[in-house]
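Colleague: Quick one: the structure is below, and I'll ask about it shortly.
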Amino acid sequence: MTENDISERIIGCAIHVHKALGPGLLENAYVECLFYELQKAGLKVEKQKALPLVYKEVKLDAGYRLDLIVENKVIIELKSVEALNAIHFAQLLTYLKLSGCKLGLLMNFNVLRVVEGIKRVANDL
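What follows is the structure, given as structure tokens:
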């Protein structure tokens, strides 16, 4: 399954979650519900996966955690904020670089229509 195939399925699951819950909840509620929906859809998903920082061949636990990673290919960084800003994109791009993944989805659930809060971020490696 390609990153694009995975992202389509993720977006479908996000739509189900947002239709059921709407905007206004804390980020963690959306993480838990999306995790459930992705598993139900038959996808391999991990939540709060530790992401080590490798510096000069030394693996450091710097406290980075991925909200969700699907099929070990697509990272989901979930937000529930008034608006996405540059630091959110930078955070996801850093996670992509550290993990070696090619695609990430930055998802803001604090919007009227969740598709308007989803941004694709690509890592050119």
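This note's numbering numbers the first residue of the sequence shown as -1 and each following residue consecutively.
Note that CB positions come from ideal geometry on N, CA and C, so glycine has one too.
Give the straight-line distance between the Cα atoms of ALA27 and THR92, rounded to the nearest whole angstrom.
Modeller: Translated into the one-based positions of the sequence shown, residue 27 becomes position 29. Translated into the one-based positions of the sequence shown, residue 92 becomes position 94. Spanning the two alpha carbons is a distance of roughly 24 Å.
Colleague: Candidates PHE87, GLU80, ASN121: which alpha carbon is nearest VAL112's?
Modeller: Locating residue 112 in the sequence shown gives position 114, counting from the first residue. Minimum Cα distance to VAL112 is reached at GLU80.
Colleague: Between GLU25, GLY22, LYS38, ASN83, which lies nearest to LYS117 when the distance is taken from Cα to Cα?
Modeller: Taking the first residue of the sequence shown as 1, we reach residue 117 at position 119. Nearest C-alpha to LYS117: ASN83.
Colleague: Across which residues does DSSP place GLU44 in a beta bridge pair?
Modeller: Position 46 of the sequence shown, counted from the start, is the residue given in the question as residue 44. DSSP lists ILE67 as partners of GLU44.
Colleague: Would you grab the beta carbon distance between VAL43 and LEU36 for me? Rounded to a whole angstrom, and I think it's under 8 Å.
Modeller: One-based indexing of the sequence shown puts residue 43 at position 45. One-based indexing of the sequence shown puts residue 36 at position 38. Contact flag correct, Cβ pair sits at about 4 Å.
Colleague: Quick one: is MET(-1) buried, meaning 16 or more other Cβ sit within 10 Å of its Cβ, or exposed?
Modeller: Here residue -1 is taken as the residue at index 1 of the sequence shown, counted from 1. Per the 10 Å Cβ criterion, exposed.
Colleague: Between the C-alpha atoms of ASN121 and LEU103, what's the straight-line distance to the nearest angstrom?
Modeller: For the purposes of this step, residue 121 is taken as the residue at position 123 of the sequence shown. For the purposes of this step, residue 103 is taken as the residue at position 105 of the sequence shown. Computed Cα separation, rounded: 11 Å.
Colleague: Run the CB neighbour count on VAL15, radius 10 Å, all protein chains shown included, and call it buried at 16 or more, exposed below.
Modeller: Mapped onto the sequence shown, residue 15 falls at position 17. Flag for VAL15 reads buried.
Colleague: Would ASP3 be called buried (16 or more neighbouring beta carbons within 10 Å of its own) or exposed?
Modeller: Here residue 3 corresponds to residue number 5 of the sequence shown, with the count starting at 1. So ASP3 counts as exposed.
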